[in-house]
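Trainee:
Residue numbers (UniProt numbering): 1 to 171.
If you want it as structure tokens, here you go:
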């Protein structure tokens, strides 16, 4: 049965994100053959979150995928995004704190998620501190560039300091 499920998952991955009807059909078949397939559940969550805007249903798919395999690291960033989009701040903070303890998880991605959480809560200094921590866990140039972009965006949101006019003393 796994082979048939995997064939449909490959079809779904090939069609995603441009042929959503074909993607959904393939995922439906894949989940019929293997209802707890982590890749299929994650992709279904992405469709509900990114294309249909149904964050609650997406959360259900992600939690089901993580319940099946907590080491499914490819689910983490998508789940974090849907929690942030849905403004489930306490839940996303708990999840990130847990995920940081899981051996093998991509700490840079998790710290960036935490920085985005602080940014959404308008705690910009905390966000910048968290981005510095993420930088220590970044090991490739592409992600370093992404990190710099996040940092610049947050810095732009910091309140501007007022310049004091200096009075020149005349003798």
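Where a beta carbon is used, it is the ideal one built from N, C-alpha and C, also for glycine.
1. Tell me the rounded alpha-carbon separation between residue 96 and residue 79.
2. Could you say if the stretch 46 to 64 and the stretch 12 to 32 meet the contact criterion of at least three C-beta pairs nearer than 8 Å?
3. Report the three-state DSSP secondary structure of residue 35 (helix, strand or coil).
4. State the Cα-Cα distance for the pair residue 61 and residue 88, rounded to the nearest angstrom.
5. Between 127, 121, 108, 122, which has its C-alpha nearest residue 115's C-alpha?
6. Measure the beta-carbon distance from residue 100 to residue 110 and round it to whole angstroms, keeping in mind my assumption that it falls under 8 Å.
7. Are the stretch 63 to 73 and the stretch 26 to 33 touching, with three or more C-beta to C-beta distances below 8 Å?
8. What whole-angstrom Cβ distance do residue 73 and residue 104 have, given they're in contact under 8 Å?
Mentor: Taking the definition as stated:
1. Looking at the two C-alpha atoms, the distance is approximately 10 Å.
2. A contact exists between the stretch 46 to 64 and the stretch 12 to 32.
3. Residue state, collapsed to three classes: coil.
4. Their backbone Cα atoms lie some 16 Å apart in a straight line.
5. Closest in alpha carbon position to residue 115, among 127, 121, 108, 122, is 127.
6. Rounded, the Cβ-Cβ distance is 5 Å, consistent with contact.
7. Contact between the stretch 63 to 73 and the stretch 26 to 33 is absent, because fewer than three Cβ pairs lie under 8 Å.
8. Indeed they touch by this definition, with Cβ atoms about 7 Å apart.
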